[in-house]
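**Q** Before anything else, here's the structure in question.
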Amino acid sequence: MTPKLRVREGFLANRRRERGQTSIDEQADELGIGRSTLYRLNAGAQPASEVVATLCLHYGYSAGEVVEPYDATPSEMAGVAS
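My numbering puts the sequence shown at residues 1180 to 1261.
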């Protein structure tokens, strides 16, 4: 297995709830990130470094609070959310 990063489970949903947002579309618009990227992140896709930086700066969290490492299978290593 290969180490990979993913957004911590519940991180994006918790930020939406805190801001009173009812959809991923609203969150994507606020962040300036594509909706498809947020959908992929919610599904466990590996975030690009620019996306991690955006989440950290926008929400005021460190990278370690936003993402977590895990062991990925070779088939999971094929896609990276950008």
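By construction, the Cβ of each residue, glycine as well, lies at the ideal position given by its N, Cα and C atoms.
If you're wondering where the values come from, they're calculated on a predicted model, not measured in any experiment.
Tyr1249 by DSSP, collapsed to three states: which one?
**A** The residue labelled residue 1249 in the question sits at position 70 within the sequence shown. Tyr1249 falls in the strand class under three-state DSSP.
**Q** Got a sec, what are the start and stop residues for the alpha helix (DSSP H) Arg1198 sits in?
**A** Looking up residue 1198 in the sequence shown gives position 19. From DSSP, the alpha helix (DSSP H) with Arg1198 extends over Phe1190 to Arg1198.
**Q** Quick check on the DSSP output: the beta strand (DSSP E) that includes Thr1181 runs from which residue to which?
**A** Residue mapping note: residue 1181 aligns to position 2 of the sequence shown, counting from 1. Residues Thr1181 to Val1186.
**Q** Going by C-alpha to C-alpha distance, which of Arg1219, Gln1225 and Glu1209 sits closest to Pro1182?
**A** As a working mapping, residue 1182 is identified with position 3 in the sequence shown. The residue with the shortest Cα to Cα distance from Pro1182 is Gln1225.
**Q** Between Ala1242, Ser1215 and Gly1211, which has its C-alpha nearest Phe1190's C-alpha?
**A** The residue you call residue 1190 lines up with position 11 of the sequence shown. Residue nearest to Phe1190 within the set Ala1242, Ser1215 and Gly1211 is Ala1242 (criterion: CA-CA distance).
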